[in-house]
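To start, the structure itself, in structure tokens.
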């Protein structure tokens, strides 16, 4: 299956696109790209498979012209020297415009800010999650039907790497409990009642026991991936009560050390 690429052009996220569709978008090596399987957004210059997009040269022009002014190229003649007295004074067409550059006040001690309500940006602000790229991960992944979360955990049977959303974890255990109760009911009990008293042994049946043994690995794997989603090691799954708090906590926004954000594309 052909890869589907996403790229960020500085203002918006575009995709999915095939490799041939990318060629028509004229991307640059400094743009950010992502495709399924890539842990985080990377510049095009860092992806060898996209090198062919940036090494293309335009066809030669029959008559060289200046593409900015549509004039013949420079012939070597020097222009007239700059004379500031010949430049007419500039009239601000928008007198209500306020200078947003706070450094101007430092260089000019006589400057008075005509707009005292202007607030300078918070220079001490620190991003609580520096790994999150604010220019990516803005599009939510489509939400599948609830039963597919259970199937998804079985498809990742013994996968202890990556991350799992809260929906994948809790819907898996919801269907696990439903199936367990159904198998208990089917297995029934062995024994007889006589005069209101039960004689015999109770058993949940072979199906129940086989299912509990088979579901052990995917249950552990989805729990480890849930811990990874909140930035914790899978060993935190062994801590009572705290593991339940982590399982209910929303995952890290953006990629972390365990993989890409499963909630966003």
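In this note's numbering, the protein residues as written are 168 to 432. Ideal Cβ positions, reconstructed from N, Cα and C, are used throughout, including at glycine.
Margin query: Cutting at 8 Å between CB atoms, please list the residues of its own chain near residue 185, excluding the five before and the five after it.
Written below: Here residue 185 is taken as the residue at index 18 of the chain shown, counted from 1. If we look at residue 185 and ignore the five residues flanking it on each side, its Cβ neighbours are 169, 170, 171, 172.
Margin query: Quick check: residue 206 and residue 398, are their CB atoms within less than 8 Å of each other?
Written below: Here residue 206 is taken as the residue at index 39 of the chain shown, counted from 1. Here residue 398 is taken as the residue at index 231 of the chain shown, counted from 1. No, Cβ-Cβ distance for residue 206 and residue 398 is not below 8 Å.
Item checked: residue 177 in three-state terms, based on DSSP -> Indexing the chain shown from 1 puts residue 177 at position 10. It is coil, neither helix nor strand.
Notebook entry, point to check: From the DSSP output, which residues share a beta bridge with residue 307?
Noted result: Taking the first residue of the chain shown as position 1, residue 307 is located at position 140. DSSP output for residue 307 lists 431 as bridge partner(s).
Checklist line | 6 Å CB neighbourhood of residue 419 in its chain, flanking five on each side removed | finding: Within the chain shown, the letter at position 252 stands for residue 419. Same-chain partners within the cutoff: 398.
Note to self: Does residue 409 pass the burial test, meaning 16 or more other C-beta atoms within 10 Å, or should it be called exposed?
What the structure shows: Along the chain shown, read from residue 1 onward, the residue named residue 409 stands at position 242. By the 10 Å Cβ count, residue 409 comes out exposed.
Notebook entry, point to check: For residue 219 versus residue 196, is the C-beta distance shorter than 8 Å?
Noted result: On the chain shown, residue 219 is found 52 positions in, with the first residue counted as 1. On the chain shown, residue 196 is found 29 positions in, with the first residue counted as 1. The answer is no: Cβ separation not under 8 Å.
Next item on the list: Count the other CB atoms, across all protein chains shown, that sit within 10 Å of the CB of residue 424; report buried if there are 16 or more and exposed otherwise.
Entry: Residue mapping note: residue 424 aligns to position 257 of the chain shown, counting from 1. Exposed.
Next item on the list: With distances taken Cα to Cα, identify the nearest neighbour of residue 221 among 198, 208, 203.
Entry: The count along the chain shown starts at 1 and reaches residue 221 at position 54. Measuring from the Cα of residue 221, the nearest candidate turns out to be 198.
Item checked: Coarse secondary structure for residue 184, derived from DSSP in three states -> One-based indexing of the chain shown puts residue 184 at position 17. Residue state, collapsed to three classes: strand.
Note to self: Am I right that residue 347 and residue 324 are in contact with their C-beta atoms under 8 Å? What's the rounded C-beta distance?
What the structure shows: Stepping through the chain shown from its first residue, residue 347 is reached at position 180. Stepping through the chain shown from its first residue, residue 324 is reached at position 157. The Cβ separation is near 18 Å, so there is no contact.
Checklist line | Sheet register partners of residue 426 (DSSP bridge) | finding: Looking up residue 426 in the chain shown gives position 259. Answer by DSSP bridge pairing, in chain order: 423.
Item checked: Residue interval of the alpha helix (DSSP H) (run including residue 316) -> For the purposes of this step, residue 316 is taken as the residue at position 149 of the chain shown. Run containing residue 316: 313-322, per the alpha helix (DSSP H) assignment.
Checklist line | DSSP state of residue 200 mapped onto helix, strand, coil | finding: Residue 200 sits at position 33 when you count from the first residue of the chain shown. Note: residue 200 maps to strand in three-state DSSP.
Next item on the list: Can you tell me the Cβ-Cβ gap for residue 327 and residue 391, rounded? I've got them flagged as a contact below 8 Å.
Entry: The sequence position of residue 327 within the chain shown is 160, counting from 1. The sequence position of residue 391 within the chain shown is 224, counting from 1. Right, their Cβ atoms sit about 5 Å apart.
Checklist line | Expected contact under 8 Å - CB spacing of residue 320 and residue 393 to nearest Å | finding: Looking up residue 320 in the chain shown gives position 153. Looking up residue 393 in the chain shown gives position 226. No, residue 320 and residue 393 are not in contact; Cβ-Cβ is about 10 Å, not under 8 Å.
Next item on the list: Provide the residue(s) that pair with residue 210 in DSSP beta bridges, ordered along the chain.
Entry: The count along the chain shown starts at 1 and reaches residue 210 at position 43. Its beta-bridge partners are 199.
Next item on the list: In angstroms with no decimal places, state the Cα-to-Cα distance between residue 202 and residue 214.
Entry: As a first step, residue 202 is located in the chain shown; it is residue number 35 there, counting from the start. As a first step, residue 214 is located in the chain shown; it is residue number 47 there, counting from the start. Cα to Cα, residue 202 sits roughly 11 Å from residue 214.
Next item on the list: Determine the closest residue to residue 208 out of 175, 192, 183, 182, with distance taken between C-alpha atoms.
Entry: Taking the chain shown and counting its residues from 1, one reaches residue 208 at position 41. The option with the nearest alpha carbon to residue 208 is 175.
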